[in-house]
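Have a look at the structure below, then the notes.
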Amino acid sequence: MTDNHRYNTPEPGITDWHVPLNQNFERLDSDVEIRDNEEMRGSYAPKLGAKFLATDTENEFVGDGEKWRPLQSSGRSPTFESLSVGTIQSTSLGGTRTVSTESELQDAVHSGGTVIVTDDITLTSAISARIESKLEISIEGHTLKRAPRTNDHMLDFELSDSASLTLSGGFINGNRPEQDFPSMKQDEVRVTGGSSFRANSVTGLYNTNFMFRITDVDSVQFLQPTILTYTNRIANPSDAGGLDGIHTYDCSRVSITGPIIVSGDDSIAVGAINRSVGRVSVTGGVLSSPIHANGLKLHIEEEADSTISIDDILITAAIIACKGHGIQLVNNSPRAKGRGRSLSINSIIDDVVEDGINSIIPMEATIINTEITNVGNHGINLTAGGNDLKIVSLTRNFRESGVRLQGFSNAFIRSTIDAEGGQYGITLDSVTNAQISAIIDGPTQAGVYGLNSSHVSVTSSIIHGCNGPPILSIRDSNHWTIVGCDVYGNTTNSFKLTGSNNFTQANNIEGGGFHFDRAEHQTSSYADIKPPIPRFFENDE
Numbered sequence: 006m007t008d009n010h011r012y013n014t015p016e017p018g019i020t021d022w023h024v025p026l027n028q029n030f031e032r033l034d035s036d037v038e039i040r041d042n043e044e045m046r047g048s049y050a051p052k053l054g055a056k057f058l059a060t061d062t063e064n065e066f067v068g069d070g071e072k073w074r075p076l077q078s079s080g081r082s083p084t085f086e087s088l089s090v091g092t093i094q095s096t097s098l099g100g101t102r103t104v105s106t107e108s109e110l111q112d113a114v115h116s117g118g119t120v121i122v123t124d125d126i127t128l129t130s131a132i133s134a135r136i137e138s139k140l141e142i143s144i145e146g147h148t149l150k151r152a153p154r155t156n157d158h159m160l161d162f163e164l165s166d167s168a169s170l171t172l173s174g175g176f177i178n179g180n181r182p183e184q185d186f187p188s189m190k191q192d193e194v195r196v197t198g199g200s201s202f203r204a205n206s207v208t209g210l211y212n213t214n215f216m217f218r219i220t221d222v223d224s225v226q227f228l229q230p231t232i233l234t235y236t237n238r239i240a241n242p243s244d245a246g247g248l249d250g251i252h253t254y255d256c257s258r259v260s261i262t263g264p265i266i267v268s269g270d271d272s273i274a275v276g277a278i279n280r281s282v283g284r285v286s287v288t289g290g291v292l293s294s295p296i297h298a299n300g301l302k303l304h305i306e307e308e309a310d311s312t313i314s315i316d317d318i319l320i321t322a323a324i325i326a327c328k329g330h331g332i333q334l335v336n337n338s339p340r341a342k343g344r345g346r347s348l349s350i351n352s353i354i355d356d357v358v359e360d361g362i363n364s365i366i367p368m369e370a371t372i373i374n375t376e377i378t379n380v381g382n383h384g385i386n387l388t389a390g391g392n393d394l395k396i397v398s399l400t401r402n403f404r405e406s407g408v409r410l411q412g413f414s415n416a417f418i419r420s421t422i423d424a425e426g427g428q429y430g431i432t433l434d435s436v437t438n439a440q441i442s443a444i445i446d447g448p449t450q451a452g453v454y455g456l457n458s459s460h461v462s463v464t465s466s467i468i469h470g471c472n473g474p475p476i477l478s479i480r481d482s483n484h485w486t487i488v489g490c491d492v493y494g495n496t497t498n499s500f501k502l503t504g505s506n507n508f509t510q511a512n513n514i515e516g517g518g519f520h521f522d523r524a525e526h527q528t529s530s531y532a533d534i535k536p537p538i539p540r541f542f543e544n545d546e
């Protein structure tokens, strides 16, 4: 006996056990469908309730005791009394809907689940919805394009606290050439709230404002986004303001992997206003903002209160051709302390009008490993202070300083700096505890320049071609130690050190050979220091 059909089971010991079994076989005629080619159904008796499946056409039939009756909603081309499935464009299959028109897409997003775009769609207004659970939109192989003269966003979603949204593949074309630009600027994709937003291999084109504006989402992930603003088609560079690639606000975790972005304004911007940003990672890819702004900007807005910060930052993207800074960290709030935990940059930065790296956000720990070339101001310019800094860099062709630090404690700098007309190799302002080992060539002023900086060690460095002293410290700069440096080809090869307790030893100074030299204004020289007595000679003194 089965649970569903309750076939007869012979009682133990009966002699006519074949009777209930024969009854079972009779019932099987209707319970189990017959399978054969459709033309063969006449070979079988259409018993009441019997089922016949045509294996060649997939049509189904039910016996009524006299003939086989076809089921309308079966087979490869099922039909109903009012319409056929072939006339339906939006289909729901197991929580997945396929859409090919604007109205179908608008209807589908309200239901959540998975929406698959099966054709190019022109949008005359925003596709908008409030998402309560989970929505996935696949545009793979197709384009969503803003219709001409459409003063509206393209995709605009508000998510409940636990909801998530995923966009996958395809193109989102803002169609800027056919809009009233720059008088009308609208974001292409807006997402507000929710637990997560993810964009996988989405390509954005011709944005008229932010290509992606993501606000107040817990977790944001972009995987291999491509955003091309086509800045060469913007006649006035000032019109490019607002043409950001990706801009997030108040998102706790932001991860962007493998971006290719050429934008009018910041390629990527991560902002904090009402809540702190816990982690930002921008890894791989290339960022460029050639006519207006920065490659990557992390910013605390003016309205932020004292608790707001951007905590952990990882950057490995290459940044080229930027009208502003390559990487900028900025705190615009007079209230927010903005102090972060860690900053790690491992990037190539080239052809930047302002600083390669510019930061006015203090960090507890910073590691910078970069190659920076062709910048208009400083190669690395960190002016907000912080603790525990390590710089390993190659910097070439800048105007101000290869490396400029202000307000730091515990800084290690190992750099190759080819100034090519820049003023200073390394500038320290109000820095305490710094160790420098560098090759510095060709600054128009000093190789290493310090003001109000103490406990600075310059060791095993080569300084050449300065149109000024190789090492210069002024104002309240004390406890400088210069050991084992090779100094030659400068307009003056003398160290100029102010303050007290400065010490130089075993430097190879051009014109004087290898010797224990004496720096200006030092209070202790090698001759003033009594060497320690080896322990095994103590009794012989």
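Just so we're aligned, residue 6 is where the sequence shown starts under my numbering, counting upward by one. By construction, the Cβ of each residue, glycine as well, lies at the ideal position given by its N, Cα and C atoms. These figures come from a predicted structure and were not determined experimentally.
Same chain, Cβ closer than 7 Å to residue i, neighbours up to 5 away in sequence not counted
i	result
residue 330	299, 357, 359, 360, 363
residue 265	231, 290, 291
residue 124	105, 147
residue 134	114, 115, 162
residue 43	59, 61, 62, 64
residue 16	none
residue 145	173, 174, 175
residue 279	255
Whole-Å CB distance - residue i paired with residue j, under 8 Å assumed
i	j	result
residue 139	residue 168	7 Å
residue 320	residue 350	5 Å
residue 76	residue 65	5 Å
residue 165	residue 198	7 Å
residue 126	residue 149	5 Å
residue 294	residue 270	7 Å
residue 322	residue 352	6 Å
residue 449	residue 426	6 Å
residue 153	residue 183	4 Å
Own chain partners of residue i with C-beta closer than 6 Å, once the 5 adjacent residues on each side are dropped
i	result
residue 347	317, 370
residue 380	357, 361, 403
residue 397	374, 419
residue 39	49, 57
residue 284	258, 317
residue 332	301, 362
residue 491	467, 513
residue 462	440, 486
residue 517	Low local confidence applies: a pLDDT of 49 at residue 517 is under 50, so the model's placement there is unreliable, and no value is given.
residue 456	434, 479, 480
residue 414	392, 437, 438
residue 368	345, 348, 391
residue 218	192, 195, 252
residue 141	119, 171
residue 202	170, 196, 219, 222, 225
residue 432	406, 409, 454
residue 121	103, 143
Residue i versus the options, residue with shortest Cα-Cα distance
i	options	result
residue 70	76, 328, 51	51
residue 466	452, 460, 412, 400	452
residue 100	118, 111, 156	118
residue 424	469, 412, 494, 76	469
residue 484	460, 501, 125, 495	460
residue 180	473, 161, 156	156
residue 306	454, 296, 276, 328	276
residue 422	384, 433, 495, 435	384
residue 173	229, 252, 215, 498	229
residue 498	473, 239, 326, 405	473
residue 246	262, 280, 186, 401	186
residue 151	315, 382, 214	214
residue 489	399, 443, 426, 216	443
residue 206	475, 177, 395	177
residue 263	237, 303, 204, 238	204
Neighbourhood of residue i by C-beta, 8 Å cutoff - its chain only, sequence neighbours within 5 removed
i	result
residue 68	35, 50, 51, 52, 53, 54, 55, 56, 57, 74
residue 338	305, 306, 307, 308, 309, 310, 313
residue 208	175, 176, 177, 230, 231, 232, 233
Check: residue i C-beta below 7 Å from any heavy atom of the ligand FMN
i	result
residue 49	This structure lacks the ligand FMN, and indeed carries no ligand of any kind.
Are the segment 213 to 225 and the segment 251 to 259 in contact at 8 Å, needing three or more beta carbon pairs? yes
Mind pulling the beta strand (DSSP E) runs of 3 or more residues that sit fully within the segment 435 to 491? 437 to 446, 453 to 456, 459 to 464, 467 to 469, 476 to 479, 485 to 488
In chain order, which beta strand (DSSP E) runs of at least 3 residues are fully inside the segment 409 to 437? 413 to 423, 429 to 434
At 4 residues or longer, and completely inside the segment 89 to 174: list those alpha helix (DSSP H) runs for me, N to C. 107 to 114
Suppose only complete runs of 3+ residues qualify. What are the beta strand (DSSP E) ranges in the segment 379 to 409, listed by chain order? 385 to 387, 391 to 401
May I have a chain-ordered list of the beta strand (DSSP E) segments no shorter than 3 residues that lie completely inside the segment 243 to 311? 251 to 254, 258 to 262, 265 to 267, 273 to 277, 282 to 288, 291 to 294, 301 to 305
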